[in-house]
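As structure tokens, the structure follows; a few thoughts come after it.
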Ligand SMILES: Cc1ncc(COP(=O)(O)O)c(C=O)c1O
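Numbering (our numbering), first residue to last: 153 to 579.
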């Protein structure tokens, strides 16, 4: 009789892990307060009876709280993490034909933001141990056109910012940290997002802090913050009349409902970070005991890993079944997991077909882009990660320690029962 749930056995878990997003009465109260105040919009709403144009908006309040939490001078909220990347790069002066170095193992936005400004993403491979931009390969990706580097703290694990910043400083390059996964994570005594010239965050639905959608830019540079603010507010200036526009910008504001939720989410974040870290470290120990399973490294420069994803590698020979069989079996055992990205970014049809801008777009002089498939040779670790790793959703790590260990129990069970896959494969 089968033991694996995939073949009809009893699953390790029949109860669900904690739901995401997490919320309680504080989000409900915050939403109702905004609703009944009538100030739903993050702007000066002079037409609202009883509203005071001088009262800080919920968005402004959250900006102060988030900046203080991170230890940054300025935090600016905006519509999405993608918008934050675009705005920060534009404020840094990135424009047509500039090159921006990005890792290929990340969400599209890290590379599409430069493209939306007419710049060219240049892919630099990741480290096998961390899945973050490999500083050893960074210099080789820099050319005379390079303007900026976007290290991604993938899954919330801090990239080696000291080495990246040293290389960037020597060349005068702008460093924008993509901390979309890394709210509250820290490295060498500082919070992520505050180590580079600027950092961005996402508050999209899956992220460790969320308002459904949302983003933020953080920086210590007053001039950069002013420019970002202007771009988010349609090119306006805070002290000038509403219908005066000084530069080409966007409307990338968030609503007061989102900002109110984010303030409530921020209060819960430290306790969630501690729970994820405690359970993640414990799982690292337990998984390292299973043949063919290797959790990612937590290098010495990491103070806090945000564990937006818990990631491990599978060696199918040593484990006994393929990575994709393990994922199917784990899901059947009640563990929410996936293979993550099926290919590095540059293999998306958008890159292979160079579908970036319409004909005649002033942003895209014909012929400036390279053949993106060349990166398949230059980025073996990104290629490999897409074949070898398993992602587990962060909400799993928000359960009590005994329950989070079900992940290790389920993987151990699949390894022990690996023989059950053979007859099925032979059919
Ligand atoms: C690494 C990374 N950067 C940027 C983004 C963009 O954030 P958003 O979805 O808020 O636009 C994401 C979103 O998934 C992400 O994972």
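Every residue, glycine too, gets a C-beta built ideally from N, C-alpha and C.
Nothing here was measured: the structure is a model prediction, and the numbers come from that model.
Any non-hydrogen atom of ligand 1 closer than 7 Å to residue 351 Cβ: no
query: Which residue comes first and which comes last in the alpha helix (DSSP H) that contains residue 316?
result: 313–323
query: Around the Cβ of residue 332, are there at least 16 other Cβ atoms within 10 angstroms (buried) or fewer (exposed)?
result: buried
field: Residues passing the C-beta test against ligand 1 heavy atoms, cut-off 6 Å
entry: 232, 233, 234, 258, 259, 261, 262, 304, 330, 332, 333, 354, 356, 367
- request: Identify every residue that forms a DSSP beta bridge with residue 343.
  value: 338
message: Assuming residue 227 is part of the beta strand (DSSP E), what are its boundary residues?
response: 226–230
- prompt: Across which residues does DSSP place residue 275 in a beta bridge pair?
  reply: 254
Environment of residue 153 [buried if 16+ CB atoms lie within 10 Å]: exposed
- prompt: With DSSP run on the structure shown, which of helix, strand or coil describes residue 578?
  reply: Since pLDDT at residue 578 reaches only 46, below the 50 mark, its modelled position is unreliable, and no value is offered.
message: Considering only the alpha carbon of each residue, which of 304, 287, 430 lies closest to residue 260?
response: 304
query: Hey, residue 239 and residue 300: beta-carbon distance below 8 Å or not?
result: no
message: Need the endpoints of the alpha helix (DSSP H) that residue 475 sits in, please.
response: 475–484
- request: Starting from residue 369, follow the beta strand (DSSP E) in both directions and report where the run begins and ends.
  value: 367–371
- prompt: So, helix, strand or coil for residue 306, using DSSP?
  reply: helix
- prompt: Under a three-way DSSP split, which group does residue 298 fall into?
  reply: strand
query: DSSP puts residue 112 in a beta bridge; with which residues?
result: The question about residue 112 has no answer here: the residues shown for the chain are numbered 153 through 579.
message: Please state whether the Cβ-Cβ distance between residue 527 and residue 275 is less than 8 Å.
response: yes
- prompt: Helix, strand or coil for residue 456 per DSSP?
  reply: strand
- prompt: Where do the ends of the alpha helix (DSSP H) carrying residue 237 lie?
  reply: 233–243
- prompt: Which whole-angstrom value describes the C-beta separation of residue 460 and residue 450, a residue pair presumed to lie in contact below a C-beta threshold of 8 Å?
  reply: Wrong, their Cβ atoms sit about 14 Å apart, outside the cutoff.
- request: Out of 358, 328, 316, 310, point me to the one whose CA is closest to residue 337's CA.
  value: 310
task: List the endpoints of the continuous beta strand (DSSP E) containing residue 350.
output: 350–354
query: Hey, residue 212 and residue 237: beta-carbon distance below 8 Å or not?
result: no
message: Let me check understanding here. Comparing Cα to Cα, which of 370, 535, 217, 407 lies closest to residue 192?
response: 407
query: Can you tell me the Cα-Cα spacing of residue 374 and residue 344, whole angstroms?
result: 19 Å
query: Do residue 263 and residue 504 come within 8 Å of each other at the CB atom, strictly closer than that value?
result: no
task: Could you tell me whether the Cβ atoms of residue 401 and residue 387 are closer together than 8 Å?
output: yes
query: Given 8 Å as the limit, is there contact between the stretch 479–488 and the stretch 156–169, that is, 3 or more CB pairs closer than that?
result: yes
task: Please name the residue or residues paired with residue 545 in a DSSP beta bridge.
output: 461
- prompt: How far does the beta strand (DSSP E) with residue 327 in it reach, from first residue to last?
  reply: 326–330
query: Should the stretch 560–577 be regarded as contacting the stretch 369–384, the criterion being three or more beta carbon pairs within less than 8 Å?
result: no
query: Whose C-alpha, out of 531, 175, 292, is nearest the C-alpha of residue 417?
result: 175
task: Hey, could you find the ends of the alpha helix (DSSP H) residue 157 is sitting in?
output: No alpha helix (DSSP H) contains residue 157, which DSSP labels as neither H nor E.
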